[in-house]
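Structure first, then comments.
Residue numbers (my numbering), protein chains in the order written: chain A, 8 to 307; chain B, 1312 to 1829.
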């Protein structure tokens, strides 16, 4: 569902923690690390000979485990693989909060997948508007088509960039600075913003480099990403803290919002707070900060 | 008879005498003195220039009047690298000595090799703050004729003062010593830091033998053990395995679970009114406990809070905080890693203290009484906040009381950190198998699934809730855990008592029963 504000949605989306679908210990503990969402992975984190085991385990976990407070997304295998179809058949009836589809490249192939999802939902008497779909953009072709992909169904609730696969597809030499995928990041953010949906950044693979993770998270926050996928629970706190407004930011936002409410009554649209001009976009940004800080506007 | 926790305690045990049931954490202290009388220290004399040096450890033991039924004591500052305790017991066994009571301040897996001497009647009783490995398993299976007694570090000092432990022979390893017996752990190739637990043995044992692999010119400074208490000195090739004595630099855990628990615990501490200018702090060396220190250290820097003293088992992490000026001083009863020794030797604000000053409740005030905040671990916690740190999920003795109950009783804010379950074993549960530290001395239990505040501390609960922390009732958490792990079966036990858990004031807080053989 496009254009949904943080408030209308059940979950924040700062950090999404990947959990290998074949690791019972991690699946069991996934919700306790403070991540806003868990990504139960049937795809790249699972070896070929473990695919069945992972699917069975994730199915049981979804049926029995309480992930309350966490958005639950399952990443399935691509439909071109021998596992994708089976993944859909097993996961769709369980209606996690969302499915994450890897390597989405064209609207046509995406529509085909969405059709299968609807068929399975019909078979189980399930509605078509509950479970969301996240499209992963992981190839150059996907990047070129991202605006169409992001808008092809109200079900597409978010898109994300898969940095590792994209770098491989683009035949980039290995580098830590992210220069090679920078254009793609910006293109994907722009498409998401144009379609009014959320957009997630790729994982940071060096789990011991906390400073590096913080730097890149600050960078992608400035680009406009909603949040970031993480591969280790130790990364959650860093990503969350970058995406959580600071006390100074919150105080400023409160002043802006209060001034806006005061001036609105008197019909004034442009005014000054702390000596700086405030107009509609500034107010919108302040509201966004307050939402991220869990502050209800009517309590101000 | 039942103690204050409702646990059945025998009135009398053959060979050990009458037992007093636990009455409450501070019940026995209120009078201002101890009911039991104290025993006098031994009466000794030495001629001028008489040599204390012995050729071998066996020679020293032979001079020290070995006899059946004797009590032999050791300290555990060499941790899992200790080579002296096993060696001494072997010698006593070879001499045909039977019915020995072993009174080591703690026992580690390095002491597994004495198991045959528990089976053949050489050793028939044990007093210790901790027992692990094969010994702990065998004891739970009933290998000894008498129950072992698990005491706290502070409680051991009281046991010696009152004569419940009457040490005939103390064999004290040191990393440096001179010919008169002045001894230290703060330098030498096998340096291990503080000798805090050994002091009481040197003062009260009928015979004291200092063993070192590093005989230095007289006088050995700084003397942790002083010559006027030492009868004999032995130079040996090795007092143990230095790589295991110095467990290495204490590193902060990388376990996401421990870090998550530690982060929550630090937030709880910071939200409490105990985190303030001049606060005192103790934290263990275990995974989540030490990680709490990491987050507290960061918060102290950020909020410009300066503490007064660090206490207890000391890690190099504590030393770093002292050197950064975050704390004014360290009082060190036991050093956990090699880097600590040089600080102890060279920094006047890093002070070695004996166990009595550290934690014995029966004096004019031990240092645990001055603690603001302590962070402790747990094997199990129950919904009354009672903590088990001694028996494992299979009923074996596999832990240590250590300073757990001492610090919990003293600190303003006692924080227990533990996962809510390990593997499929619940940690937070309705009833612990063995109570070591009573719930009335525990303020907060922090797990990955939330923070439980003792109902005795409603104001603390309010502070934590106001800070937006995930506070929940411990009964609710225990139920949540049971939903995940299923209800665990109680450990099946015989009636026979194989261990007594002595509270720091000398009363009996719980018993350990023999595990039923499957």
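Beta carbons are placed, not taken as given, at the ideal position from N, Cα and C, and that holds for glycine.
Minimum Cβ-Cβ distance from residue i to chain B less than 7 Å
i, result
"residue 9/A", "Residue placement at residue 9/A is flagged as unreliable, the pLDDT there being 41, under the threshold of 50; the coordinate-derived value follows with that caveat. It does not; no Cβ of chain B falls within 7 Å."
"residue 237/A", "no"
"residue 39/A", "yes"
"residue 13/A", "Note that residue 13/A scores 43 on pLDDT, short of 50, meaning its location in the model is unreliable and no value can be drawn from it."
CB contact below 7 Å: residue i versus chain A
i, result
"residue 1735/B", "no"
"residue 1562/B", "no"
"residue 1608/B", "no"
"residue 1837/B", "Past the boundaries of the shown model lies residue 1837/B; chain B is included only from 1312 to 1829, so the question cannot be answered."
"residue 1781/B", "no"
"residue 1759/B", "yes"
Under 7 Å between C-beta atoms of residue i and residue j
i, j, result
"residue 1455/B", "residue 1480/B", "no"
"residue 1593/B", "residue 1752/B", "no"
"residue 1397/B", "residue 1425/B", "yes"
"residue 1540/B", "residue 1497/B", "no"
"residue 174/A", "residue 207/A", "no"
"residue 299/A", "residue 252/A", "yes"
"residue 1644/B", "residue 1669/B", "yes"
"residue 1747/B", "residue 1692/B", "no"
"residue 1756/B", "residue 1772/B", "no"
"residue 1629/B", "residue 1621/B", "yes"
"residue 1345/B", "residue 1490/B", "no"
"residue 47/A", "residue 99/A", "no"
"residue 1642/B", "residue 1664/B", "yes"
"residue 1476/B", "residue 1414/B", "yes"
"residue 1666/B", "residue 1511/B", "yes"
"residue 1785/B", "residue 1694/B", "yes"
Residue i (DSSP reduced to helix, strand or coil)
i, result
"residue 1640/B", "strand"
"residue 1711/B", "strand"
"residue 1333/B", "coil"
"residue 1476/B", "coil"
"residue 1660/B", "coil"
"residue 1791/B", "helix"
"residue 1547/B", "coil"
"residue 189/A", "helix"
"residue 37/A", "helix"
"residue 215/A", "coil"
"residue 270/A", "helix"
"residue 1606/B", "helix"
"residue 1679/B", "helix"
"residue 1461/B", "strand"
"residue 224/A", "helix"
"residue 1554/B", "helix"
"residue 65/A", "helix"
"residue 141/A", "strand"
"residue 250/A", "helix"
"residue 1428/B", "helix"
For residue i: DSSP bridge partner residues
i, result
"residue 1739/B", "1692/B"
"residue 27/A", "48/A"
"residue 208/A", "235/A"
"residue 1668/B", "Residue 1668/B pairs with nothing; no bridge assigned."
"residue 1724/B", "1684/B"
Problem - Contact residues within the stretch 230-255 of chain A, judged by C-beta distance below 7 Å to chain B - result: 239, 240, 241, 244
Exercise for the section: Give the residues from the stretch 1562-1577 of chain B that approach chain A closer than 8 Å (Cβ to any Cβ), ordered along the chain. Expected result: 1565, 1567, 1568, 1570, 1571, 1574
Practice task
Return the residues of the stretch 1787-1816 of chain B that lie within a Cβ-Cβ distance of less than 9 Å from chain A, sorted by chain order.
Solution key: 1791, 1794, 1795
Practice task
Taking only beta carbons into account, state which residues of the stretch 33-60 of chain A come closer than 8 Å to chain B, listed in chain order.
Solution key: 35, 36, 39, 40, 41
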